[in-house]
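Down below is the structure, laid out as structure tokens.
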Amino acid sequence: MSHPQNATVFLKDKARAKWHDDTLWIVREKRDATIHLIPEWEQLRELASQIKDHTLSKLDYYLEELEKNATANGIKVHWAENAEEHNQIIGKILEEKKCKAIVKSKSILTEECHLNPFLEERGIEVVDTDLGERIIQFLKQPPSHIVMPAIHLKKSDISDIFHEKLHTEKGNVDPVYLTHAARQHLREKFLQAKVAITGVNFAIAETGEFVVCTNEGNADMGVHLADTHIACMGIEKLIPRRKDLGVFLRLLARSATGQSITNYNSHFRSPSPGKELHLILVNNGRTKQLAREKFRNSLKCIRCGACMNTCPIYRRSGGFSYGSTVPGPIGSILSPGIDLKKYSTLPFASTLCGSCTDVCPVKINIHEQLYEWRQEITKAQGSSLKGLSMKLANGIFTSPLAYKISGKMMRASLKTLPNSVIYNPLNAWGKGRNLPELPTESFKDWYKKNRNEQ
Amino acid sequence: MKNNPRPHIGLFIPCYIDQFYPNVAIATLELLEKLGCKVTYPLGQTCCGQPMSNAGFESDSEGTTSKFISDFAHFDYIVAPSGSCVLHVKKHSPKVEKLKKNQEHVQSNIYELSEFITDVLKIDSIKGSFPHKIGFHASCHGLRGLRLASDSELNEPKFNKTLQLMKDLEGMEIVELTRKDECCGFGGTFAVTEEAISVQMGKDRIADHVDKGVEIIVGGDMSCIMHMQGIATRDKDNVQLMHFAEILNRVIS
Chain W
544 MSHPQNATVF
554 LKDKARAKWH
564 DDTLWIVREK
574 RDATIHLIPE
584 WEQLRELASQ
594 IKDHTLSKLD
604 YYLEELEKNA
614 TANGIKVHWA
624 ENAEEHNQII
634 GKILEEKKCK
644 AIVKSKSILT
654 EECHLNPFLE
664 ERGIEVVDTD
674 LGERIIQFLK
684 QPPSHIVMPA
694 IHLKKSDISD
704 IFHEKLHTEK
714 GNVDPVYLTH
724 AARQHLREKF
734 LQAKVAITGV
744 NFAIAETGEF
754 VVCTNEGNAD
764 MGVHLADTHI
774 ACMGIEKLIP
784 RRKDLGVFLR
794 LLARSATGQS
804 ITNYNSHFRS
814 PSPGKELHLI
824 LVNNGRTKQL
834 AREKFRNSLK
844 CIRCGACMNT
854 CPIYRRSGGF
864 SYGSTVPGPI
874 GSILSPGIDL
884 KKYSTLPFAS
894 TLCGSCTDVC
904 PVKINIHEQL
914 YEWRQEITKA
924 QGSSLKGLSM
934 KLANGIFTSP
944 LAYKISGKMM
954 RASLKTLPNS
964 VIYNPLNAWG
974 KGRNLPELPT
984 ESFKDWYKKN
994 RNEQ
Chain H
9 MKNNPRPHIG
19 LFIPCYIDQF
29 YPNVAIATLE
39 LLEKLGCKVT
49 YPLGQTCCGQ
59 PMSNAGFESD
69 SEGTTSKFIS
79 DFAHFDYIVA
89 PSGSCVLHVK
99 KHSPKVEKLK
109 KNQEHVQSNI
119 YELSEFITDV
129 LKIDSIKGSF
139 PHKIGFHASC
149 HGLRGLRLAS
159 DSELNEPKFN
169 KTLQLMKDLE
179 GMEIVELTRK
189 DECCGFGGTF
199 AVTEEAISVQ
209 MGKDRIADHV
219 DKGVEIIVGG
229 DMSCIMHMQG
239 IATRDKDNVQ
249 LMHFAEILNR
259 VIS
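Order-wise, the sequence lines are chains W and H. Position in the first sequence counted from 1, then plus 543, gives you the numbering used here. Position in the second sequence counted from 1, then plus 8, gives you the numbering used here.
Structure follows, in structure tokens:
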């Protein structure tokens with residue numbers, strides 16, 4: 544289904560849609576409150592943007608530096624051209640370790656690569672240890688938001704799921720009670736897993752280390768209890784120097800949730816004695832995006848989700864309406880690069896209001912890229928019906944006479960047509976809105992009568 | 009102002025204002041004249057091409073853009089009562105190579121009405137009386153595109169060029185909104201292609217004003233106002249919508 548169809552369905556449950564909108568707006572407000580405590584906020588954004596621009600301009604150099612330094616630290620570095628290779632690499636490591644159960648902390652990259660179904664088909668139990676991820680895993684749903692994966696669910700929904708899966712009391716919606724149940728359940732899984740998989744928020748070329756940011760400490764818990772740690776990162780998750788990290792850590796949590804910093808910022812540099820540490824560098828279309836000049840800087844994204852929280856469309860249609868791994872405004876400029884046809888309605892799921900661009904901590908010009916994708920999509924689609932009407936419009940607007948005649952005809956016909964035609968259910972404007980009251984004459988006619996200078 | 013002691017202003021009236029809202033165009037013209045400007049409305053003008061470009065047909069709007077440049081290039085300034093259309097001409101209209109110099113002139117001398125009055129005419133505020141409780145609708149293209157006001161996303165000093173002009177109006181109360189600059193959901197073809205969300209956004213925006221007892225929602229873009237007015241009329245909301253040019257032209261002595 545297209546985005547408009549999904550959004551229409553989402554909005555049918557008015558109370559729930561309003562709750563979703565309000566919930567995410569609260570996150571946006573928390574973000575606003577915290578950024579105003581940082582007088583240098585806009586300079587931080589500019590600095591972060593420049594660091595990322597610089598890194599992307601020398602991505603090959605910094606990736607090789609990362610590989611060299613990480614290898615020297617004892618990390619086993621792997622390169623994956625695409626999702627399939629990424630999954631194969633992990634599959635092979637697990638086979639070597641004879642591992643049948645893994646724990647995973649939140650990683651949108653592994654969602655992008657569809658790692659869970661890949662492993663499950665091979666008889667490996669995958670347990671997502673982030674609370675929100677675990678909840679949606681019980682429902683066999685993908686995340687609806689990249690930072691708050693279960694944001695589409697209410698407390699009562701979670702209570703029902705836990706009652707079924709974890710045998711909690713029916714109807715008990717107390718978050719402390721429910722979290723405690725999840726904690727007990729996950730503790731067992733942590734203790735059993737020999738291999739832990741994590742994502743990567745920032746990899747530092749200079750030192751060959753990487754940083755994982757979580758609020759629940761689940762990445763650390765998994766990694767420290769397991770013998771093998773596999774970290775997966777998109778090749779854009781790179782920064783040149785350790786001293787650059789502070790810029791991004793200050794921006795990330797504030798933009799994401801309004802916290803001044805994530806609770807756990809875990810640095811991984813070398814494997815513990817007797818253990819293994821793997822780092823998989825994944826391309827999966829990123830170099831293609833890098834080659835598209837207009838869309839290159841979408842790769843600056845640090846996955847804070849602020850553009851989703853602020854987007855009036857995301858808030859009123861939900862993450863699933865986009866049908867892509869990364870939803871919302873940033874997803875709508877990343878996804879068409881992966882599959883232009885499949886995601887062709889996403890760049891149009893925006894009023895181009897520009898709020899996403901102004902909240903973005905690394906200053907990605909998201910709404911301008913949405914506009915640019917529209918141009919690409921219509922070119923790829925050739926002359927569709929909309930294209931023809933637009934060509935016709937250009938013809939009308941190029942000629943003052945044609946414009947005058949069509950304007951007059953429009954005003955005249957709108958006046959004579961019965962309301963049943965104008966407010967036909969097929970007329971999308973008239974479904975929920977009236978048309979403006981029609982004046983007897985256009986400004987142009989008035990001007991000719993009232994000003995004699997021409 | 010420019011070297012010319014009384015610069016010549018080309019009045020750009022967006023096509024839907026010409027057809028649906030002649031009173032807003034008249035108010036704009038009269039206001040500029042009352043402020044001492046020499047204003048001409050080029051009769052051949054049609055549309056800036058924005059509807060086509062935003063729908064993804066920027067390349068098809070070259071003819072419309074060339075026409076716009078030819079109509080307006082000989083003026084010192086171009087002024088329009090619409091942030092959205094001005095933004096389009098300034099930033100998004102396709103480059104027309106053979107009219108390069110004229111296009112550059114047009115793009116660097118086109119202004120939205122309130123920014124023209126504050127930034128070019130250097131008028132701080134308009135004096136008069138308007139005893140009403142108003143809410144301000146900050147249209148996105150004017151707000152985040154032309155930066156006619158500070159927005160809620162950035163950490164920057166607060167300003168608002170349109171409200172600055174209205175700040176001294178006697179008896180007028182400006183209501184603080186809960187979501188001070190959320191989009192109304194018009195978005196050009198978005199209003200039709202994403203009808204459900206578009207209407208919901210409009211309803212939400214109006215409710216924010218109505219809940220606070222706003223009598224008149226004041227804005228600077230008739231496209232947003234047309235959309236919200238359409239919903240307010242349908243839903244029988246007890247609120248009026250107006251372009252700020254109509255208010256300023258009415259109160260100015």
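Beta carbons: idealized from backbone N, C-alpha and C, even for Gly.
> Would the beta-carbon of residue 683 (chain W) fall within 7 angstroms of that of residue 905 (chain W)?
Replying inline: Their beta carbons are not under 7 angstroms apart, which means residue 683 (chain W) does not touch residue 905 (chain W) by this criterion.
> Does residue 162 (chain H) get closer than 7 angstroms to chain W when you measure Cβ to Cβ?
Replying inline: Yes, contact with chain W.
> Which whole runs of the beta strand (DSSP E) in the region 630 to 698 of chain W are 3 residues long or more, in chain order?
Replying inline: 644 to 647 and 668 to 671
>> Closer than 8 angstroms between beta carbons: that is the criterion. Which residues of the region 849 to 874 of chain W meet it against chain H?
In response: 853, 855, 856, 859 and 860
>> Using C-beta distances below 8 angstroms, list every residue in its chain close to residue 589 (chain W), excluding the 5 sequence neighbours before and after it, in chain order.
In response: 906
>> Measuring only the C-alpha atoms, how far is residue 254 (chain H) from residue 131 (chain H)?
In response: 17 angstroms
>> For a cutoff of 7 angstroms on Cβ pairs, would you count residue 238 (chain H) as touching chain W?
In response: yes
>> Under 8 angstroms, CB to CB, which of the residues in the region 567 to 587 of chain W have a partner in chain H?
In response: 568, 575, 578, 579, 581, 582, 584 and 585
> When burial is assigned at 16 or more other CB atoms within 10 Å of the CB, is residue 67 (chain H) buried or exposed?
Replying inline: Per the 10 Å Cβ criterion, exposed.
> Looking at chain W, which residues of the region 55 to 69 of chain H have a Cβ within less than 9 angstroms of any of its Cβ atoms?
Replying inline: 55, 56, 57, 59, 60, 61, 62, 63, 64, 65, 66, 67, 68 and 69
> Tell me which same chain residues have a C-beta within less than 8 angstroms of the C-beta of residue 749 (chain W), skipping the five on either side of it?
Replying inline: 608, 612, 783, 784 and 785, listed in sequence order.
> What alpha helix (DSSP H) runs, 4 residues minimum, are completely inside the region 22 to 46 of chain H?
Replying inline: 23 to 28 and 30 to 42
> Quick one, which residues of the region 189 to 211 of chain H are near chain W if we go by CB-CB under 9 angstroms, in chain order?
Replying inline: Result list: 189, 190, 191, 192, 193, 194, 195, 196, 197, 198, 199, 200, 201, 202, 203, 204, 205, 206, 207, 208, 209, 210 and 211.
> Counting along the chain, where does the alpha helix (DSSP H) carrying residue 897 (chain W) start and finish?
Replying inline: Looking at the DSSP string, residue 897 (chain W) is not in any alpha helix (DSSP H), and its letter there is neither H nor E.
> How far does the beta strand (DSSP E) with residue 63 (chain H) in it reach, from first residue to last?
Replying inline: Residue 63 (chain H) -> no beta strand (DSSP E), and no H or E assigned at all.
> Shorter than 7 angstroms from the beta carbon of residue 920 (chain W) to some beta carbon of chain C?
Replying inline: Absent from the structure: chain C. Protein chains present are W and H.
> When you compare each of W:893, W:825, W:884 and W:971 to residue 856 (chain W) by their alpha carbons, which one comes out closest?
Replying inline: W:893
> Are the CB atoms of residue 754 (chain W) and residue 761 (chain W) nearer to each other than 7 angstroms?
Replying inline: no
> Using the beta-carbon of each residue, which ones in chain H are nearer than 9 angstroms to residue 547 (chain W)?
Replying inline: 201, 202, 203, 204 and 205
> Residues in its own chain within less than 7 angstroms of residue 654 (chain W) by CB, not counting five upstream and five downstream?
Replying inline: So the list reads 685, 686 and 868, once near-sequence residues are dropped.
>> Can you tell me whether residue 981 (chain W) is buried or exposed? The criterion is at least 16 other CB atoms within 10 Å of its CB, across all chains shown.
In response: exposed
>> To be precise: take each residue of the region 615 to 634 of chain W, compare its Cβ to all Cβ atoms of chain H, and keep it if any distance is under 9 angstroms. Which residues remain?
In response: none
> Ordered along the chain, which non-local residues of its own chain (more than five positions away) have a Cβ less than 6 angstroms from that of residue 573 (chain W)?
Replying inline: 801
>> Let me make sure I understand the geometry here. Which of H:168, H:86, H:154 and H:184 has the alpha-carbon closest to that of residue 222 (chain H)?
In response: Comparing Cα positions, the closest option is H:184.
> Is the region 970 to 988 of chain W in contact with the region 17 to 31 of chain H, if contact means three or more CB pairs nearer than 8 angstroms?
Replying inline: yes
> Should residue 986 (chain W) be labelled buried (16 or more other beta-carbon atoms within 10 Å of its own) or exposed?
Replying inline: buried
> Per DSSP, what kind of secondary structure is residue 711 (chain W) in: helix, strand or coil?
Replying inline: The DSSP-derived three-state label of residue 711 (chain W) is coil.
>> Considering only their Cβ atoms, is the gap separating residue 896 (chain W) from residue 872 (chain W) smaller than 7 angstroms?
In response: One thing to note: residue 872 (chain W) has its Cβ no nearer than 7 angstroms to the Cβ of residue 896 (chain W).
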